[in-house]
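Comments concern the structure below.
In UniProt numbering, the protein residues as written are 1 to 272.
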């Protein structure tokens, strides 16, 4: 059978067996090794990393490789970043009679000495779970996190107290939020004064003023929440806490931070 096939294809028997027993080239061996490392990093990232973040991770591990080569190998083996459908719905209510703080952020590049805060919600079989977060805008690290079945001022206050407990507010710190009643309330503003933090609020109808923390919530929902069916608020709380504290802050590489994680970036800032 080999002989007849070889005659049709004009390939000798010796040539056929030489092809069958040929050893892979050094480049092929390198690609196989790289493929294994790519699969490992992709799995560790919860299958969320694309070629750029995987390249950054491999380079940090000491495996020098280019982004184009990584992208080609990923494409050849159908390794993709899993992206879930992203939806947006406003959580806070700005219809109230509380006093509003001025917007102290000149532009979105102003990140030094600024904490940003916002609220989102997550569906569970028991009802909504409300999530409040405080972000250090310089490092994109989530330094304050609070979750509750009630959308209240205490939800946001707990997140702020968590942030202050982790990072002492530097002199002149600005706290930026939207105009929601949870942030404009007397109790919350009094808490800011107690910590010597200056309040700042977004302009009316301008979603870009608090874009960083809103982007974080978008990432949280895209990479974790959408497609999940949480049976209880407790299940959702544990899932979100693990995502934020273990993955997002410590491992997830952020393009704006030079493909470092928030904690890696904070460490770099301290060293310099």
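Cβ coordinates follow ideal geometry from the N, Cα and C atoms, glycine included.
In three-state terms, what does DSSP make of residue i?
{"i": "residue 67", "result": "helix"}
{"i": "residue 218", "result": "helix"}
{"i": "residue 42", "result": "helix"}
{"i": "residue 143", "result": "strand"}
{"i": "residue 103", "result": "coil"}
{"i": "residue 76", "result": "helix"}
{"i": "residue 158", "result": "helix"}
{"i": "residue 169", "result": "coil"}
{"i": "residue 26", "result": "helix"}
{"i": "residue 259", "result": "coil"}
{"i": "residue 197", "result": "coil"}
{"i": "residue 230", "result": "strand"}
Determine whether the beta carbon atoms of residue i and residue j lie at a separation below 8 Å.
{"i": "residue 135", "j": "residue 212", "result": "yes"}
{"i": "residue 132", "j": "residue 155", "result": "yes"}
{"i": "residue 176", "j": "residue 215", "result": "no"}
{"i": "residue 116", "j": "residue 137", "result": "yes"}
{"i": "residue 60", "j": "residue 41", "result": "no"}
{"i": "residue 182", "j": "residue 119", "result": "yes"}
Write down the C-beta distance between residue i and residue j rounded to the nearest angstrom, noting that I regard them as a contact closer than 8 Å.
{"i": "residue 274", "j": "residue 249", "result": "No answer is possible for residue 274: the residues shown for the chain start at 1 and end at 272."}
{"i": "residue 37", "j": "residue 63", "result": "6 Å"}
Would you tell me roughly how many angstroms separate the C-alpha atoms of residue i and residue j, rounded to the nearest one?
{"i": "residue 272", "j": "residue 229", "result": "44 Å"}
{"i": "residue 72", "j": "residue 130", "result": "41 Å"}
{"i": "residue 102", "j": "residue 111", "result": "17 Å"}
{"i": "residue 25", "j": "residue 233", "result": "54 Å"}
{"i": "residue 236", "j": "residue 158", "result": "18 Å"}
{"i": "residue 223", "j": "residue 81", "result": "10 Å"}
{"i": "residue 125", "j": "residue 244", "result": "22 Å"}
Is the shortest distance between the beta-carbon of residue i and the beta-carbons of chain B less than 8 Å?
{"i": "residue 271", "result": "Reference to chain B is not applicable here, since this structure consists of a single protein chain."}
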